[in-house]
Amino acid sequence: MEKRNYKNTGLQVSLLGMGCMRLPKIDPDKDDIDYEKAQEIIDYAYSHGVNYFDTAYGYHGGKSELFVGEAMKKYPRDSFFLASKMPIWCAEKPEDVERIFNEQLKKCQTEYFDFYLFHAQNAANFEKCQKFGVYEFLNKMKAEGKIRHLGFSFHDKPEVLRHICDTYQWDFAQIQLNYLDWEMQDAKQQYEILTERGIPVVIMEPVRGGVLANPCEASNEVFKAARPDKSVASWAIRYAATLPNVLTVLSGMSNMEQVMDNVSTMTPFEPLTEKDYQVIEEAVDLYKKKDTVPCTGCRYCMDCPFGVDIPKMFSIYNKYAVQKDEEDYWEEYRAQPESEWADKCQACGACMEQCPQHIQIPDKMSMIRNLIAEFDQKFSK
1 MEKRNYKNTG LQVSLLGMGC MRLPKIDPDK DDIDYEKAQE IIDYAYSHGV
51 NYFDTAYGYH GGKSELFVGE AMKKYPRDSF FLASKMPIWC AEKPEDVERI
101 FNEQLKKCQT EYFDFYLFHA QNAANFEKCQ KFGVYEFLNK MKAEGKIRHL
151 GFSFHDKPEV LRHICDTYQW DFAQIQLNYL DWEMQDAKQQ YEILTERGIP
201 VVIMEPVRGG VLANPCEASN EVFKAARPDK SVASWAIRYA ATLPNVLTVL
251 SGMSNMEQVM DNVSTMTPFE PLTEKDYQVI EEAVDLYKKK DTVPCTGCRY
301 CMDCPFGVDI PKMFSIYNKY AVQKDEEDYW EEYRAQPESE WADKCQACGA
351 CMEQCPQHIQ IPDKMSMIRN LIAEFDQKFS K
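Start counting the sequence shown at 1; every next residue gets the next number (UniProt numbering).
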């Protein structure tokens with residue numbers, strides 16, 4: 001397993017990190033983790049050199065930290081790095097920050113976090129963190145040894161990132177970066193802002209919530225022609241990992257096939273060549289011709305007050321956008337519970353405030369509703 005040195009500390013972090021937001025579930029539509037299957041994934045990753053495990057307060061409806069605590073307790077605490085995050089939106093008053101932090105330590109069955117983050121920072125969340133004195137409290141926890149390295153995860157515009165970087169002293173930062181978002185979502189600018197300031201980068205969504213494991217048939221063919229022996233997803237993992245200021249690339253692995261593939265990609269790691277970049281550029285050009293919605297399935301937008309299953313509606317639509325099978329899309333959409341349909345959207349906008357991708361969700365729901373109405377005319381019997 002490839003390792004990267006963390007600054008000048010002598011710490012060596014695995015280039016592949018285990019993201020614990022998309023663990024195997026008992027029921028695909030619920031948050032309950034399948035402990036047996038998830039433990040197998042953790043054990044395989046750990047035994048093959050993965051030593052960075054990333055969780056958060058809200059992952060799996062609050063159950064991810066509990067699982068990680070159970071899954072990792074059999075391993076020596078100094079043999080892995082544990083990361084979690086402060087969800088400022090869960091704090092109604094400054095005192096809640098300390099309560100949440102202590103709860104996280106307990107859930108994770110640990111006395112300290114190796115890496116701890118201000119979660120999902122944007123302009124509004126950062127302002128609230130400042131108002132509640134979050135940095136001051138977490139810096140105190142750092143002085144007490146309960147946090148080893150303090151950083152933040154980020155979802156906003158480059159100018160907001162500059163402001164956050166220059167307000168406090170940071171040990172690392174976590175951004176969304178992949179070969180689609182390099183230009184489309186300002187990932188290139190964000191990476192450069194952090195690199196200029198000497199802030200190591202942790203990568204999230206390198207495969208864009210699984211989208212880049214199967215972007216579209218035309219893109220897949222380009223990748224397979226170039227490297228028949230490698231998975232399509234491996235190109236996305238290597239893209240993120242090739243950047244020199246990247247400390248680790250987090251992948252939310254939900255089955256054994258994914259973890260084995262990602263471990264293989266990093267053991268040994270092959271940085272992208274100039275020819276590889278040309279292959280990716282060709283695949284991206286083909287993908288951009290598809291009219292997809294840039295949803296990663298993170299579910300930060302949920303729960304919708306009117307019952308719409310927003311990520312599911314986008315997932316089903318994106319399959320249609322790539323495959324263009326109208327009847328198959330219509331049938332799959334109508335097979336979902338009626339309470340979850342895009343038709344139920346009232347354009348209240350609550351979801352947009354939470355969306356890290358800044359998707360105009362009500363507009364997209366209206367588009368889906370109109371498309372389905374059109375297909376009703378074609379396919380209703």
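Glycine is no exception: its CB is placed at the ideal position from the N, C-alpha and C atoms.
Reference residue i; option with closest CA among the options
i: Lys290; options: Asn318, Thr167, Thr265 and Asp303; result: Asn318
i: Trp235; options: Met256, Glu257, Asp276 and Met204; result: Asp276
i: Pro362; options: Arg77, Pro356 and Gly349; result: Gly349
i: Ser315; options: Tyr333, Ala91, Lys63 and Tyr300; result: Tyr333
i: Lys85; options: Lys3, Glu338, Asp114 and Ile368; result: Asp114
i: Lys25; options: Gly61, Gln109 and Cys216; result: Gly61
i: Lys107; options: Ala83, Asp34 and Gln121; result: Ala83
i: Glu183; options: Glu196, Pro158 and Ile237; result: Pro158
i: Val207; options: Pro215, Gln354 and Ser219; result: Pro215
i: Tyr191; options: Leu212, Lys140 and His155; result: His155
i: Tyr239; options: Asp328, Phe269 and Gln336; result: Phe269
i: Leu23; options: Glu2, Gly49 and Asp54; result: Asp54
i: Met256; options: Pro228, Gln104, Glu36 and Asp29; result: Glu36
i: Ser14; options: Asn51, Ala335, Glu326 and Glu282; result: Asn51
i: Phe172; options: Glu282, Tyr116 and Gly145; result: Tyr116
i: Met367; options: Thr292, Pro94, Asp34 and Glu338; result: Thr292
i: Pro228; options: Lys324, Pro244 and Val279; result: Val279
i: Asp166; options: Glu281, Tyr179 and Glu196; result: Glu196
i: Pro94; options: Gln189, Phe132 and Glu281; result: Phe132
i: Ile372; options: Pro76, Pro28 and Tyr320; result: Tyr320
i: Arg369; options: His358, Cys351 and Tyr329; result: Tyr329
i: Lys142; options: Arg4, Glu98 and Ala123; result: Glu98
i: Glu217; options: Lys378, Lys324 and Leu105; result: Lys324
i: Gly49; options: Ala120, Met260, Ile237 and Asp376; result: Met260
i: Gln337; options: Ile41, Met266, Glu40 and Asp29; result: Rather than Gln, the amino acid found at residue 337 in this sequence is Pro. The option with the nearest alpha carbon to Pro337 is Asp29.
i: Tyr112; options: Asn122, Asp78, Ala123 and Gln130; result: Asp78
i: Lys63; options: Lys3, Asp34 and Gln357; result: Asp34
i: Asp309; options: Cys351, Glu327 and Glu326; result: Cys351
i: Pro76; options: Asp96, Asn102, Val322 and Gln109; result: Gln109
i: Cys59; options: Met21, Ala225, Ser380 and Glu281; result: Per the sequence presented here, residue 59 reads as Tyr, with Cys not at that position. That would be Met21, whose Cα lies nearest to the Cα of Tyr59.
i: Ile42; options: Asp31, Phe67 and Ala226; result: Phe67
i: Ser219; options: Trp170, Glu281, Glu274 and Thr265; result: Glu281
i: residue 387; options: Gln357, Glu326 and Asn102; result: Given a span of 1 to 381 for the chain in the structure shown, any question on residue 387 remains unanswerable.
i: His149; options: Trp170, Glu274 and Cys129; result: Trp170
Cβ pair residue i, residue j closer than 8 Å
i: Ala347; j: Met313; result: no
i: Cys298; j: Gly209; result: yes
i: Leu250; j: Tyr6; result: no
i: Asp161; j: Ile147; result: In the sequence as presented, Asp is not what sits at residue 161; that position holds Leu. In this structure, Ile147 does not lie closer than 8 Å to Leu161 by Cβ.
i: Tyr57; j: Ile100; result: yes
i: Phe126; j: Ile175; result: no
i: Ile45; j: Val263; result: Before going further, note that residue 45 is Ala rather than Ile in the sequence given. Yes, they are a contact pair.
i: Cys301; j: Cys355; result: yes
i: Phe80; j: Phe118; result: no
i: Ile199; j: Leu177; result: no
i: Leu272; j: Thr242; result: yes
i: Gly307; j: Glu353; result: no
i: Met253; j: Met18; result: yes
i: Leu11; j: Met1; result: no
i: Ala283; j: Val211; result: no
i: Ala213; j: Val201; result: no
i: Pro311; j: Ile359; result: no
i: Thr296; j: Glu205; result: yes
i: Gln104; j: Glu144; result: no
i: Leu194; j: Asn245; result: yes
i: Lys378; j: Glu331; result: no
i: Ile237; j: Thr265; result: yes
Bridge partner(s) assigned by DSSP for residue i
i: Tyr116; result: Ser84 and Leu150
i: Phe172; result: Gly151
i: Lys3; result: Ser14
i: Ile203; result: Ile175 and Val249
i: Asp54; result: Gly19 and Ala83
i: Gln121; result: Phe154
Min CB distance residue i to chain D below 8 Å
i: Trp341; result: Of the chains in the structure shown, none is chain D; there is only one protein chain.
heavy atom of the ligand COA below 7 Å from residue i C-beta
i: Leu243; result: Of ligands this structure carries none, so the ligand COA is not represented either.
Specify whether the stretch 89 to 100 and the stretch 66 to 79 touch according to this definition: at least 3 beta carbon pairs, one from each stretch, less than 8 Å apart.
no
Counting only runs that start and end within the stretch 237 to 299, where is the alpha helix (DSSP H) found for 4 or more residues in a row?
256 to 265 and 274 to 288
Would you mind listing the alpha helix (DSSP H) stretches within the stretch 10 to 51 that are 4+ residues and don't spill past its ends, in chain order?
35 to 47
Restricting to runs no shorter than 4 residues, where is the alpha helix (DSSP H) found entirely within the stretch 315 to 352?
326 to 334
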